[in-house]
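Engineer: Residues 1 to 564 in UniProt numbering are what the sequence shown lists, from first letter to last.
Each residue gets a CB set at the ideal place from its N, CA and C atoms; glycine is no exception.
Treat the numbers as computed from the prediction; the structure is a model and nothing was measured.
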Amino acid sequence: MSKSNRLLMLLSQAGEENEIDMVDFPGGPKAFEICAKFCYGMIVTLNAYNVVTARCAAEYLEMTEDVDRGNLIFKIEVFLNSSIFHSWKDSIIVLQTTKSLLPWSEDLKIVGSCIDSIASKTSVDPASITWSYTYNRKLSVPDKIVEEGMNFRDKIDSVPKDWWVEDICELDIDLYKRVMITVKSKGRMDGQVIGEALKTYAVRWLPDSFDDSVSDARTWRYRYLVENLICLLPPDKAAGCSCSFLLKLLKFAILVGIDDSAREYLVKRISLKLHEASVKDLLILARPPQNTLYDVELIQCIVSRSLMHGKYSQDTKHEENGDFILGHEHVTLMNVGKLIDGYLAEIAYDPNLTISSFVDLSRSIPEFGRPIHDGLYKAIDIYLKEHLSMTKAEKKKICGLMDVKKLTTDASTHAAQNERLPLRVVVQVLFFEQVRAASGVQALSNNARDTLNSTTNTDEELEKTAADGNKSLMKQMSRMKIKDEDFLKNGKLRKKNSKITKNGVQLLPSRSKRIFDRLWVVARGHVENRSSETSGSSQSPTSIAPGDTKSFGSSSRQRRHSIS
Numbered sequence: 001m002s003k004s005n006r007l008l009m010l011l012s013q014a015g016e017e018n019e020i021d022m023v024d025f026p027g028g029p030k031a032f033e034i035c036a037k038f039c040y041g042m043i044v045t046l047n048a049y050n051v052v053t054a055r056c057a058a059e060y061l062e063m064t065e066d067v068d069r070g071n072l073i074f075k076i077e078v079f080l081n082s083s084i085f086h087s088w089k090d091s092i093i094v095l096q097t098t099k100s101l102l103p104w105s106e107d108l109k110i111v112g113s114c115i116d117s118i119a120s121k122t123s124v125d126p127a128s129i130t131w132s133y134t135y136n137r138k139l140s141v142p143d144k145i146v147e148e149g150m151n152f153r154d155k156i157d158s159v160p161k162d163w164w165v166e167d168i169c170e171l172d173i174d175l176y177k178r179v180m181i182t183v184k185s186k187g188r189m190d191g192q193v194i195g196e197a198l199k200t201y202a203v204r205w206l207p208d209s210f211d212d213s214v215s216d217a218r219t220w221r222y223r224y225l226v227e228n229l230i231c232l233l234p235p236d237k238a239a240g241c242s243c244s245f246l247l248k249l250l251k252f253a254i255l256v257g258i259d260d261s262a263r264e265y266l267v268k269r270i271s272l273k274l275h276e277a278s279v280k281d282l283l284i285l286a287r288p289p290q291n292t293l294y295d296v297e298l299i300q301c302i303v304s305r306s307l308m309h310g311k312y313s314q315d316t317k318h319e320e321n322g323d324f325i326l327g328h329e330h331v332t333l334m335n336v337g338k339l340i341d342g343y344l345a346e347i348a349y350d351p352n353l354t355i356s357s358f359v360d361l362s363r364s365i366p367e368f369g370r371p372i373h374d375g376l377y378k379a380i381d382i383y384l385k386e387h388l389s390m391t392k393a394e395k396k397k398i399c400g401l402m403d404v405k406k407l408t409t410d411a412s413t414h415a416a417q418n419e420r421l422p423l424r425v426v427v428q429v430l431f432f433e434q435v436r437a438a439s440g441v442q443a444l445s446n447n448a449r450d451t452l453n454s455t456t457n458t459d460e461e462l463e464k465t466a467a468d469g470n471k472s473l474m475k476q477m478s479r480m481k482i483k484d485e486d487f488l489k490n491g492k493l494r495k496k497n498s499k500i501t502k503n504g505v506q507l508l509p510s511r512s513k514r515i516f517d518r519l520w521v522v523a524r525g526h527v528e529n530r531s532s533e534t535s536g537s538s539q540s541p542t543s544i545a546p547g548d549t550k551s552f553g554s555s556s557r558q559r560r561h562s563i564s
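1. Identify which residue in S117, L298, A277 has its Cα closest to the Cα of R287.
2. Can you give the Cα-Cα distance for L333 and S364, rounded to whole angstroms?
3. To the nearest angstrom, how far is it from the Cα of W220 to the Cα of V256?
4. Is the stretch 42 to 55 touching the stretch 82 to 98 in the sense that three or more CB pairs, one from each, lie closer than 8 angstroms?
5. According to DSSP, simplified to helix, strand and coil, what is R6?
6. Can you tell me whether DSSP reads L285 as helix, strand or coil?
7. Give the list of continuous alpha helix (DSSP H) stretches no shorter than 4 residues that lie fully inside the stretch 153 to 225.
8. Less than 8 angstroms between the CB atoms is what I'm expecting for L266 and L229, so what's the real figure, rounded?
9. Considering Cα atoms alone, identify which of Q417, T200, W104 is closest to Y135.
10. May I ask which residues mark the beginning and end of the alpha helix (DSSP H) holding R305?
11. By the 10 Å Cβ neighbour count, where 16 or more other Cβ atoms means buried, how is A217 classified, buried or exposed?
12. I think K161 touches D68, with their Cβ atoms under 8 angstroms apart; what is that distance to the nearest whole Å?
13. For residue 581, does the three-state DSSP call read helix, strand or coil?
14. What is the residue span of the alpha helix (DSSP H) that R424 lies within?
15. In three-state terms, what does DSSP make of D410?
16. Hey, V44 and I110 are a contact pair by Cβ (cut 8 angstroms); roughly how many whole angstroms apart?
17. Among M42, F38, C56, D90, whose alpha-carbon lies nearest the alpha-carbon of G28?
18. Would the beta-carbon of S242 fall within 8 angstroms of that of E276?
19. Could you check what DSSP says for K483 in three-state terms: helix, strand or coil?
20. Report the start-end ranges of each alpha helix (DSSP H) in the stretch 346 to 384 that is 4 residues or longer and not cut off at the edges.
21. Alpha carbon to alpha carbon, how far is D107 from E59?
22. Cα separation between Y133 and S271?
23. Return the residue from the list L421, V426, T413 that minimises the CA-CA distance to A437.
24. L101 lies in the alpha helix (DSSP H); which residues open and close that run?
25. For L407 and D374, which I take to be in contact (beta-carbon distance under 8 angstroms), what is that distance rounded to the nearest angstrom?
26. Would you mind working out which of F74, P422, V193, I181 sits nearest E166, comparing C-alpha positions?
27. With S244 as the anchor, note down where its alpha helix (DSSP H) starts and where it stops.
28. Please list the terminal residues of the continuous alpha helix (DSSP H) segment that includes G112.
29. Would L72 pass as a contact of C35 if the rule is Cβ separation under 8 angstroms?
30. Over the uninterrupted alpha helix (DSSP H) stretch that includes I20, give me the two end residues.
31. By how many angstroms is the C-alpha of A253 removed from the C-alpha of D21?
32. Would you please state the rounded distance, in angstroms, between the beta carbons of I302 and A345? I believe it to be under 8 angstroms.
33. Buried or exposed: K37, going by 16 or more other Cβ atoms within 10 Å of its Cβ?
34. Mapping the DSSP letters down to three states, classify D90 as helix, strand or coil.
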């Protein structure tokens with residue numbers, strides 16, 4: 001009673017029974033024991049784990065300086081300010097213990113002092129850090145104390161800017177949010193470091209997978225966590241969090257049923273950095289009532305937003321030292337185009353994916369954003385292989401997305417032998433490849449393009465213009481400079497495989513030879529009904545058995561295409 005004003009008051013009111021009730025005592029029996037030992041002059045050991053408990057108990061008992069000089073509250077405050085708040089890890093430990101002692105710890109400003117201490121230390125120059133910290137991520141330095149004898153350059157190299165993000169991951173989301181808000185308010189933290197901190201926290205607390213069997217309580221907890229992480233995203237939309245992390249956050253947000261406004265905000269942030277994403281990042285599972293495997297509509301929305309934000313135009317290159325250099329916007333758009341082609345190849349395996357969804361997503365990429373059509377051809381090939389019930393009109397529609405003039409040699413070689421492609425497309429591929437292989441004159445290439453354009457007409461138009469088209473085709477073939485007599489002998493091609501000759505002319509595979517045989521005969525006037533023969537050839541080719549043609553993605557050699 002000589003050190004506790006409240007205990008003195010309670011005992012004076014107890015009467016003859018001398019019993020007092022302290023059911024609301026903060027910290028329970030252990031906290032009371034610390035205070036009792038101090039009152040009786042016994043040694044009390046304070047540390048980061050019990051100091052908050054002792055401070056709240058002393059406040060409850062009113063162990064102030066007015067009652068006795070050098071009382072417990074004064075000694076604990078000295079310990080907090082001289083030791084705890086100067087230590088990085090002790091400040092985090094103390095902050096964690098404050099949650100079980102609310103609202104006492106909040107009213108005593110212990111929570112606020114811990115947060116200020118932690119936030120201040122995150123802003124310290126890495127070269128000045130002399131305390132230990134946890135850093136277990138890939139390609140990181142080990143957890144260690146920076147030695148005083150190290151020079152300035154070594155200190156900077158040893159301590160990364162995001163050295164602090166793992167230690168605070170153990171905090172509850174409410175305390176973590178307050179720490180991050182304080183860190184951001186100081187204005188000295190780079191947006192990328194903030195993004196790395198949020199990513200590390202998400203990895204720590206969000207599960208790798210999530211299904212409908214998770215309890216409602218846990219679902220609510222995950223939803224609350226995701227909503228707070230979204231609120232903490234760096235304001236700099238061009239920097240900060242990676243697109244991969246944002247997409248993972250969006251995946252989880254959809255699974256836990258986040259509100260539309262937060263989801264819309266994520267979509268907007270992702271659309272600004274879509275060119276940084278990978279195909280795997282875009283594979284977001286669809287939710288009912290969608291019947292597709294992946295949420296194609298969401299990706300379509302993100303792509304549309306991305307193209308709206310970017311100021312893309314076909315004329316985005318400038319000349320430097322005689323070479324044309326692509327502008328940043330054009331390179332960004334090309335990366336998006338390559339990404340979407342890869343995504344199309346993945347979703348093409350889905351039997352429930354409609355042709356309209358495939359076509360709409362493909363057409364969302366401008367023509368100048370897809371200079372090479374190999375990736376698109378691979379996606380189309382997979383879609384044709386997985387959707388065998390497609391009509392002739394549907395095959396024509398999906399193959400119309402592809403420009404054979406933009407296929408590389410490997411892709412053209414594969415397409416020329418692909419039984420799944422309509423015969424019209426194979427003819428286009430063969431013709432352009434032979435023109436490209438045989439012609440060294442620009443004028444011939446221009447004439448070949450004109451003739452190639454004529455093959456894109458409808459079947460009815462081809463029947464009407466067969467005579468003129470055949471004359472033009474024969475004229476073009478007669479002008480090709482094919483060495484070693486590889487093309488024609490007595491109206492037929494030589495029986496050779498499709499390998500490249502030593503003179504650089506690419507010979508045709510068996511199906512391709514039959515096609516050119518027919519074209520040549522038509523040009524000579526030996527076939528009267530070309531349209532019926534073309535229809536029959538497209539339906540029952542015999543040179544390659546159905547299913548023997550491998551997908552282009554696995555058979556073609558990988559090539560590097562550079563544009564200067």
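Structural biologist: For this structure:
1. Minimum Cα distance to R287 is reached at L298.
2. When rounded, the distance between both Cα atoms is 11 angstroms.
3. For W220 and V256, the distance between alpha carbons rounds to 8 angstroms.
4. Three or more beta-carbon pairs separated by less than 8 angstroms link the stretch 82 to 98 to the stretch 42 to 55, which places the two stretches in contact.
5. Residue state, collapsed to three classes: helix.
6. Shown here, L285 sits in a strand according to DSSP, grouped into three states.
7. Counting whole runs of 4 or more residues, the stretch 153 to 225 contains the alpha helix (DSSP H) stretches 173 to 185, 191 to 205.
8. Contact flag wrong, Cβ pair sits at about 10 angstroms.
9. Among Q417, T200, W104, the Cα nearest to that of Y135 is on T200.
10. Where R305 is concerned, the enclosing alpha helix (DSSP H) starts and stops at 296 to 309.
11. With fewer than 16 other Cβ atoms within 10 Å, it is exposed.
12. Their Cβ separation, rounded to whole angstroms, is 48 angstroms, which puts K161 and D68 out of contact at 8 angstroms.
13. Because residue 581 is not part of the residues shown, which for the chain are 1 to 564, the question remains open.
14. R424 -> alpha helix (DSSP H) spans 423 to 438.
15. Helix at D410.
16. Between V44 and I110 a beta carbon distance of about 18 angstroms is seen, past the 8 angstroms cut, so the two are scored as non-contacting.
17. Distances from the alpha-carbon of G28 to those of M42, F38, C56, D90 put C56 closest.
18. Taking 8 angstroms as the Cβ cut-off, S242 and E276 qualify as a contacting pair.
19. Any reading at K483 must be qualified, since the residue scores a pLDDT of 35, below 50, and its modelled position is unreliable; no value is offered.
20. Annotation: the stretch 346 to 384 contains the following complete segments of the alpha helix (DSSP H) (minimum length 4 residues), in chain order: 355 to 363.
21. If I take the Cα positions, the gap works out to 11 angstroms.
22. Distance between the alpha carbons of Y133 and S271: 36 angstroms.
23. The shortest C-alpha separation from A437 is found at T413.
24. Going by DSSP, L101 is part of no alpha helix (DSSP H) at all; its letter is neither H nor E.
25. So it is a contact: roughly 6 angstroms between Cβ atoms.
26. It is V193 whose Cα lies nearest to the Cα of E166.
27. Residue range 243 to 255 is occupied by the alpha helix (DSSP H) that includes S244.
28. G112 -> alpha helix (DSSP H) spans 110 to 122.
29. Yes, the Cβ-Cβ distance between L72 and C35 is below 8 angstroms.
30. I20 -> no alpha helix (DSSP H), and no H or E assigned at all.
31. Distance between the alpha carbons of D21 and A253 is about 48 angstroms.
32. Between I302 and A345 a beta carbon distance of about 18 angstroms is seen, past the 8 angstroms cut, so the two are scored as non-contacting.
33. Under this definition K37 is an exposed residue.
34. D90: helix per DSSP, three-state reduction.
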